[in-house]
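J.:
Protein chains: 2
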Amino acid sequence: MPDAGNETFYSRYLDTLNDRRLGELGAFVHDRLTYNGKPMTLGDYQGLIAGDIAAIPDLRFDVGLLVVNEHQIACRLNFRCTPEREFLGLKPNGRTVSFSEHVFYTLRAGRISEVWSLIDRTAIEAQLAE
Amino acid sequence: MPDAGNETFYSRYLDTLNDRRLGELGAFVHDRLTYNGKPMTLGDYQGLIAGDIAAIPDLRFDVGLLVVNEHQIACRLNFRCTPEREFLGLKPNGRTVSFSEHVFYTLRAGRISEVWSLIDRTAIEAQLAE
């Protein structure tokens, strides 16, 4: 089943990240979830995103491709941003980089319970090495 | 709109890859497509997959997560295989590796016209370095 509701849900989730309202993430994410197979709490997840934002203050989540059904969301996110601290083990050099993330979410009772994310680290590495 | 038809389409596409019937890929892929933004022909695409299979003879495409709608397919593919030649710039060491690919396909008139793929190269690199 498709669910236009999940497109709206995901758009609101990304607004929450882009507006830096991380305290409101509990409306979208369960108290316990798995991230790339690793169990974590909502607090851990907030901390993970807060860390990304600390490393990349202008981080903005933009939807490139979005495919949803009743219980799943798949998104290609496009980023264009300027890392200021180490990110994914890569040291910043002041340059603006463009890269993508392909992420799958599984929803349970209307909130995210599982995240599988792949980030194009190779693209970032190549741009920071230029 | 969701489309159970595209689940079947994708399952048949993967069977074609897993059975090494690359000559039949034209039933699933347009003569001209883009792969990670790069224009290519069906022949180029067949060559790309043939090259992966040459490097990894036991390469098998297994669906981990699948989300489809009428014109899009998003899949997390799981691999467990033994590279025998260089793959993604990484030299084999005889070890079997497990990794995932997150791939989005856009369909036009019932065939693939656009592919956006991210492979977890970092996971492969770590396993080949062990």
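Heads up: the protein sequence lines correspond to chains C and Y, in order.
Note that the working numbering gives residue 99 to position 98 of the first sequence, counting from 1, and the numbers run on in steps of one.
Note that the working numbering gives residue 80 to position 79 of the second sequence, counting from 1, and the numbers run on in steps of one.
A virtual CB, placed ideally from N, CA and C, is assigned to each residue, including glycine.
#1: Any Cβ of chain Y within less than 7 Å of the Cβ of Val139 of chain C?
#2: What does the alpha-carbon distance come out to for the pair Asn79 of chain Y and Leu18 of chain Y?
#3: Could you name each continuous beta strand (DSSP E) segment of 3 residues or more that falls completely within the region 42-130 of chain Y, going from the start of the chain to the end?
#4: Counting only beta-carbon atoms, is Leu108 of chain Y nearer than 7 Å to chain C?
#5: May I ask which residues mark the beginning and end of the beta strand (DSSP E) holding Leu34 of chain C?
#6: How many angstroms separate the CA atom of Leu108 of chain C from the CA atom of Thr9 of chain Y?
#7: Go ahead and pull the three-state DSSP assignment for Ser12 of chain C.
#8: Does the Cβ of Ile54 of chain Y have 16 or more other Cβ atoms within 10 Å, making it buried, or fewer, making it exposed?
#9: Beta-carbon separation of Val116 of chain Y and Tyr36 of chain Y under 7 Å?
#10: Under the three-state reduction of DSSP, which class applies to Glu25 of chain C: helix, strand or coil?
#11: Taking 7 Å as the threshold (C-beta atoms), are Val68 of chain C and Ala110 of chain Y in contact?
#12: Using 7 Å as the limit for Cβ to Cβ distance, is Val68 of chain Y near chain C?
#13: Considering only the alpha carbon of each residue, which of Y:Ser114, Y:Lys92, Y:Tyr106 and Y:Gly52 lies closest to Gln128 of chain Y?
#14: Taking 7 Å as the threshold (beta carbon to beta carbon), is Ala75 of chain Y in contact with chain C?
#15: Just the C-alpha distance for Ser99 of chain Y and Pro84 of chain Y, rounded to the nearest angstrom, thanks.
#16: Report the rounded CA-to-CA distance for Ile57 of chain C versus Arg86 of chain C, giving the unit in angstroms.
#17: Rounded to the nearest angstrom, what separates His72 of chain Y and Arg77 of chain C at their Cα positions?
#18: Can you give me the Cβ contacts of Leu89 of chain Y inside the same chain, cut-off strictly under 8 Å, excluding the 5 residues immediately before and after it?
#19: With 7 Å as the threshold, decide whether the Cβ of Phe213 of chain C is near any Cβ in chain Y.
#20: So which residues of chain C does Arg122 of chain Y contact, with C-beta pairs closer than 8 Å?
T.: This is what the structure holds:
#1: Outside the shown range of chain C, which is 2 to 131, sits residue 139 of chain C, and nothing can be said about it.
#2: Using only the alpha carbons, I get a separation of about 14 Å.
#3: Runs of the beta strand (DSSP E) inside the region 42-130 of chain Y: 63-69, 73-82, 98-109 and 112-120.
#4: Taking 7 Å as the threshold, the shortest C-beta distance from Leu108 of chain Y to chain C does not fall below it.
#5: For Leu34 of chain C, the uninterrupted beta strand (DSSP E) run begins and ends at Val30 to Tyr36, by DSSP.
#6: If you take the alpha carbons of Leu108 of chain C and Thr9 of chain Y, they lie about 23 Å apart.
#7: In this structure, Ser12 of chain C counts as helix in the three-state DSSP scheme.
#8: So Ile54 of chain Y ends up on the exposed side.
#9: Contact: yes.
#10: Helix.
#11: Pairing Ala110 of chain Y with Val68 of chain C gives a Cβ-Cβ distance that is not under 7 Å.
#12: It does: the Cβ of Val68 of chain Y has a partner Cβ on chain C nearer than 7 Å.
#13: Looking at the Cα atoms, Y:Lys92 is the closest of the given residues.
#14: Interface residue, yes.
#15: If I take the Cα positions, the gap works out to 11 Å.
#16: Going from the Cα of Ile57 of chain C to the Cα of Arg86 of chain C covers about 7 Å.
#17: Taking the straight line from one Cα to the other gives about 15 Å.
#18: Taking C-beta separations shorter than 8 Å and ignoring five residues to either side along the sequence, the partners of Leu89 of chain Y in its chain run Ile120, Arg122 and Ile125, following chain order.
#19: Any answer about residue 213 of chain C is impossible in this case: the structure gives chain C only from 2 up to 131.
#20: Arg122 and Thr123, listed in chain order.
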